Amino acid sequence: MKINYLKKIFLEQDSIVSHSYENNGVFFYINVWIYSDKFKEYQKNLFNDLYTEIIDLIEKNELFLDFKKHFEAKIKQFNTQLKIFQEKVKLENKIEIKWDIQIIWDNNFIASLIGESSIIIYRNNKLEVVVANELEEDDKIDIFSEIIEWELEDNDKIVSVACNIYDFMSDTEIKELIKTDDILDSLESILSMRIDKSNIWFIVSLDISIEKVVLAQKNKIDLEKYKDTIRKNKYVIWIVIGLWIVFFVIISIFSYIGRNENRAVVKVDGKKVELDLTALKREIDAFSKLWNENTEEKQAKYNKIMKELSLYEKWWIQKLEIKELKKIMEQNYYKWFNINIVNENDGILNKIYSLSENDKKVLEKKLWIRKGIWTISIFWNKWVIVWLVNDKVKWVSEKLKIPANIKTCINNLGKNGLYCLIDIDDIYNFSKLGIKSLKNNIWTWWKNIISIWTFGRSNLYTLSLDKEENQKNIYIKRYIVRRNGFSSPINYPFSKKADKELINSIYSGSSMVIDGSFLIWSKKWLLQAYKPNRLQNYLTIRKIKWIENWIIDKKNDLKWKVKVISAPDSSYVYLYDYNTKSLIAYYSKYKKTEWGKYSYNLSYLYKVRFDLSDEDVVDVDVLKNNAYILTDKSIYKLDLNQFKE
Numbered sequence: 003m004k005i006n007y008l009k010k011i012f013l014e015q016d017s018i019v020s021h022s023y024e025n026n027g028v029f030f031y032i033n034v035w036i037y038s039d040k041f042k043e044y045q046k047n048l049f050n051d052l053y054t055e056i057i058d059l060i061e062k063n064e065l066f067l068d069f070k071k072h073f074e075a076k077i078k079q080f081n082t083q084l085k086i087f088q089e090k091v092k093l094e095n096k097i098e099i100k101w102d103i104q105i106i107w108d109n110n111f112i113a114s115l116i117g118e119s120s121i122i123i124y125r126n127n128k129l130e131v132v133v134a135n136e137l138e139e140d141d142k143i144d145i146f147s148e149i150i151e152w153e154l155e156d157n158d159k160i161v162s163v164a165c166n167i168y169d170f171m172s173d174t175e176i177k178e179l180i181k182t183d184d185i186l187d188s189l190e191s192i193l194s195m196r197i198d199k200s201n202i203w204f205i206v207s208l209d210i211s212i213e214k215v216v217l218a219q220k221n222k223i224d225l226e227k228y229k230d231t232i233r234k235n236k237y238v239i240w241i242v243i244g245l246w247i248v249f250f251v252i253i254s255i256f257s258y259i260g261r262n263e264n265r266a267v268v269k270v271d272g273k274k275v276e277l278d279l280t281a282l283k284r285e286i287d288a289f290s291k292l293w294n295e296n297t298e299e300k301q302a303k304y305n306k307i308m309k310e311l312s313l314y315e316k317w318w319i320q321k322l323e324i325k326e327l328k329k330i331m332e333q334n335y336y337k338w339f340n341i342n343i344v345n346e347n348d349g350i351l352n353k354i355y356s357l358s359e360n361d362k363k364v365l366e367k368k369l370w371i372r373k374g375i376w377t378i379s380i381f382w383n384k385w386v387i388v389w390l391v392n393d394k395v396k397w398v399s400e401k402l403k404i405p406a407n408i409k410t411c412i413n414n415l416g417k418n419g420l421y422c423l424i425d426i427d428d429i430y431n432f433s434k435l436g437i438k439s440l441k442n443n444i445w446t447w448w449k450n451i452i453s454i455w456t457f458g459r460s461n462l463y464t465l466s467l468d469k470e471e472n473q474k475n476i477y478i479k480r481y482i483v484r485r486n487g488f489s490s491p492i493n494y495p496f497s498k499k500a501d502k503e504l505i506n507s508i509y510s511g512s513s514m515v516i517d518g519s520f521l522i523w524s525k526k527w528l529l530q531a532y533k534p535n536r537l538q539n540y541l542t543i544r545k546i547k548w549i550e551n552w553i554i555d556k557k558n559d560l561k562w563k564v565k566v567i568s569a570p571d572s573s574y575v576y577l578y579d580y581n582t583k584s585l586i587a588y589y590s591k592y593k594k595t596e597w598g599k600y601s602y603n604l605s606y607l608y609k610v611r612f613d614l615s616d617e618d619v620v621d622v623d624v625l626k627n628n629a630y631i632l633t634d635k636s637i638y639k640l641d642l643n644q645f646k647e
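In our numbering, the protein residues as written are 3 to 647.
Put into structure tokens, the structure is as follows:
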């Protein structure tokens with residue numbers, strides 16, 4: 003494997019820690035920028051020590067899986083060191099650190115981001131994945147993220163930049179980068195127009211070249227040259243050939259008697275393990291005939307078989323056959339776990355609207371969609387477009403003055419537009435009649451609202467990370483529509499017995515929906531907050547345990563931004579994963595009952611992954627068993643009933 007490693011640094015050297023290591027097919031890069039001048043040398047020493055410790059891990063572990071396990075533990079340990087350091091120095095301002103660690107081991111790529119950083123991966127001159135690290139606003143120091151994994155192929159290109167790329171570039175621009183002559187120069191040029199270079203810090207690209215083994219052509223032997231010699235000694239030559247044949251026959255017989263067919267011995271976790279490919283093929287055949295086993299048993303068998311196949315692949319044992327067996331396993335996996343890949347050629351996507359050229363000029367890729375009873379709405383941070391499904395009525399709010407950028411929108415209580423949360427801690431009603439703030443002279447909105455939702459005919463709820471209110475365990479407030487506007491807020495505090503770890507996992511990227519209880523996506527879990535007693539407004543909170551058993555067919559599923567979709571009149575909960583363009587459906591027979599507020603008993607139904615070749619899926623919403631898919635060019639409707647088993 004060859005790596006073409008290129009980087010551009012726009013900082014003074016005394017603010018960075020930058021090292022690279024290459025040995026026996028392992029490539030290791032660490033680039034870290036330290037913002038604060040206070041205790042800078044101490045921080046640099048911490049990262050220099052981390053670099054040395056990771057090299058020790060590389061050299062002590064023969065297998066990638068062993069190294070990965072120890073590397074993950076090392077990153078967690080180092081994050082603890084950073085937190086202890088922050089607690090000791092007690093600086094008023096947050097200690098900012100940016101960028102990443104990247105490791106390539108054979109065909110495996112792993113990375114961990116710190117601070118505002120992004121990784122972009124291209125394959126076959128097409129954008130494959132973008133990972134933008136999201137920060138916890140309450141954190142006093144930046145720490146490393148969870149491990150990002152990727153299986154490399156020839157000509158993959160990995161680009162990393164020390165900023166949240168989505169803050170400065172659209173998906174289209176990121177996608178088009180690969181078509182430029184010099185991706186680093188193009189990226190620098192675009193970012194320099196939108197942000198000071200000293201705020202970009204670093205840009206790096208890795209071009210992957212996986213060498214293919216080509217057998218050298220043997221020189222042809224000129225038999226004419228030796229014809230006379232062969233004729234004179236033909237009897238001797240035949241005797242020698244005969245003896246060699248007898249010798250190889252005897253060797254083959256003894257080898258056959260003593261061998262274990264299709265077996266190899268490798269080291270796993272320091273122990274010798276004998277692999278039996280013949281037995282493994284029998285397991286794969288049995289897996290394809292599974293009918294009665296439950297989801298957990300099937301997934302456990304799948305994971306076991308795939309782990310063994312990876313060991314064969316790692317040790318280059320019948321590698322081509324192993325790839326075919328892996329394909330068979332994945333096909334069976336998709337079949338048994340009801341994972342469906344949807345593209346424009348399936349004939350099941352119904353296009354209900356095409357964005358005009360004017361729409362495309364106004365809108366960027368960072369779009370969202372809301373499906374109401376009568377309307378479909380598209381919004382992004384500056385404009386809202388609302389129209390009826392039949393497109394007879396269309397309204398664009400670009401003609402109106404929006405006082406600040408939009409953060410999120412929901413269908414309004416009048417069912418004729420949207421309530422939109424904007425950056426200046428205010429909520430506006432958007433409709434054909436105009437835009438109007440919902441606040442009044444009696445009270446003001448609380449600070450740092452991150453999500454809003456309506457429930458019933460007259461209730462608006464807000465979720466906030468207002469530090470003063472959060473200290474009182476208040477994260478949710480309710481406002482009731484009156485004749486003269488909304489009432490003063492009603493607090494919904496968490497009880498003193500509520501799980502603090504779950505409450506603290508609510509972060510700036512969290513979203514909330516209400517279906518009788520509050521469903522909140524945190525950075526780690528799907529949370530349910532509810533009132534255990536109708537007579538009080540105190541809330542308790544729990545992690546919905548079933549969510550840990552989701553069906554994952556990509557390593558980066560549910561690792562980034564997730565949208566929760568649930569309605570009080572529906573027995574389904576949907577999760578839309580923005581990173582992998584996947585919609586996952588769960589069902590509960592208790593959800594619409596009173597008992598459902600406390601125990602959903604959700605079970606997995608199906609997963610739909612959108613893979614449109616010429617359009618980029620940017621958001622999905624669901625209403626009454628129909629999904630509404632918003633791309634950069636169109637809106638599609640998809641009947642979800644066809645995926646139910």
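Quick reminder that beta carbons are idealized off the backbone N, C-alpha and C, glycines included.
Predicted model, so just to flag it, every value in this text is computed and none were measured.
Cβ-based burial, residue i [other Cβ within 10 Å; buried from 16]
i	result
residue 372	buried
residue 447	buried
residue 184	exposed
residue 514	buried
residue 155	exposed
residue 659	Residue 659 is absent from the structure shown; the chain starts at 3 and stops at 647.
residue 517	buried
residue 246	exposed
residue 530	buried
residue 343	exposed
residue 44	exposed
residue 464	buried
residue 434	exposed
Inter-residue Cα distance where the pair is residue i and residue j
i	j	result
residue 638	residue 644	16 Å
residue 42	residue 97	10 Å
residue 285	residue 340	21 Å
residue 179	residue 287	44 Å
residue 411	residue 428	12 Å
residue 520	residue 542	10 Å
residue 633	residue 619	4 Å
residue 576	residue 22	43 Å
residue 444	residue 349	55 Å
residue 90	residue 37	18 Å
residue 280	residue 311	12 Å
residue 170	residue 84	29 Å
residue 191	residue 158	23 Å
residue 32	residue 19	7 Å
residue 262	residue 69	Unreliable placement is indicated for residue 262, whose pLDDT of 43 sits below 50; the coordinate value is still reported in the next sentence. If you take the alpha carbons of residue 262 and residue 69, they lie about 30 Å apart.
residue 131	residue 538	46 Å
residue 313	residue 40	47 Å
residue 65	residue 325	20 Å
residue 414	residue 540	26 Å
residue 59	residue 72	7 Å
residue 469	residue 26	51 Å
residue 646	residue 566	19 Å
Proximity to residue i [Cα-Cα], best of the options
i	options	result
residue 208	568, 385 and 10	10
residue 418	406, 347 and 379	379
residue 483	491, 461 and 477	461
residue 166	158, 176 and 466	176
residue 8	436, 522 and 163	163
residue 425	546, 510, 413 and 354	510
residue 570	432, 416, 456 and 168	456
Cβ pair residue i, residue j closer than 7 Å
i	j	result
residue 112	residue 149	yes
residue 588	residue 622	no
residue 611	residue 568	no
residue 117	residue 99	yes
residue 590	residue 581	no
residue 586	residue 609	yes
residue 114	residue 56	no
residue 450	residue 466	yes
residue 636	residue 362	no
residue 523	residue 507	no
residue 345	residue 616	no
residue 481	residue 491	yes
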